[in-house]
Amino acid sequence: NADTTAFMQFLEGDLFADFPDLRFIIPHGGGAVPYHWGRFRGLADMLGKPPLSTHVMRNVFFDTCVYHQPGIDLLFEVIDIDNILFGSEMVGAVRGIDPQTGQYFDDT
Numbered sequence: 816n817a818d819t820t821a822f823m824q825f826l827e828g829d830l831f832a833d834f835p836d837l838r839f840i841i842p843h844g845g846g847a848v849p850y851h852w853g854r855f856r857g858l859a860d861m862l863g864k865p866p867l868s869t870h871v872m873r874n875v876f877f878d879t880c881v882y883h884q885p886g887i888d889l890l891f892e893v894i895d896i897d898n899i900l901f902g903s904e905m906v907g908a909v910r911g912i913d914p915q916t917g918q919y920f921d922d923t
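Below is the structure:
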């Protein structure tokens, strides 16, 4: 997905060394990034890059617009709280009630 690709490009490159005030928000909980956090940390090490906390995460933020509580839980377990922003859909992209939880899909 494009979010994961963008994060990988941030990791591989030195964009934020040239533009230290540039900020990006990766929506929807960072896409697949939190799920692959260990891989990204390992790749940064393998590529001789600084730790993600200094190389990328001073400039990249994720929002909380995630439609599944376990996804939000993972986001908060893996990503530093300083990199998480509140986000929501104005109208809601996913309508209806989740038959497993009885809650609206966009009620996270």
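Counting from 1 along the sequence shown, just add 815 to a position and that's the residue number in the numbering used here. Each residue gets a CB set at the ideal place from its N, CA and C atoms; glycine is no exception. Note that the coordinates shown come from a computational prediction; the quantities given were computed from them, not determined experimentally.
Asked, Found
"Using three-state DSSP, classify residue 909 as helix, strand or coil.", "coil"
"When the Cα atoms are used, what is the spatial distance from residue 835 to residue 842?", "21 Å"
"Within this structure, are the beta carbons of residue 875 and residue 839 separated by less than 8 Å?", "yes"
"Roughly how far, in whole angstroms, is the beta-carbon of residue 879 from the beta-carbon of residue 899, given that I think they are within contact range, below 8 Å?", "6 Å"
"Select from 828, 830, 846 the residue whose C-alpha is nearest the C-alpha of residue 816.", "846"
"Could you check if residue 844 is buried or exposed, using at least 16 other CB atoms within 10 Å of its CB as the buried criterion?", "buried"
"For my contact list, residue 909 and residue 882 are in at a C-beta cut-off of 8 Å; report their separation, rounded to the angstrom.", "5 Å"
"Let me confirm a value: residue 896 is counted as buried when at least 16 other C-beta atoms fall within 10 Å, else exposed. Which label applies?", "exposed"
"Relative to the C-alpha of residue 829, which candidate in 853, 865, 884 has its C-alpha closest?", "865"
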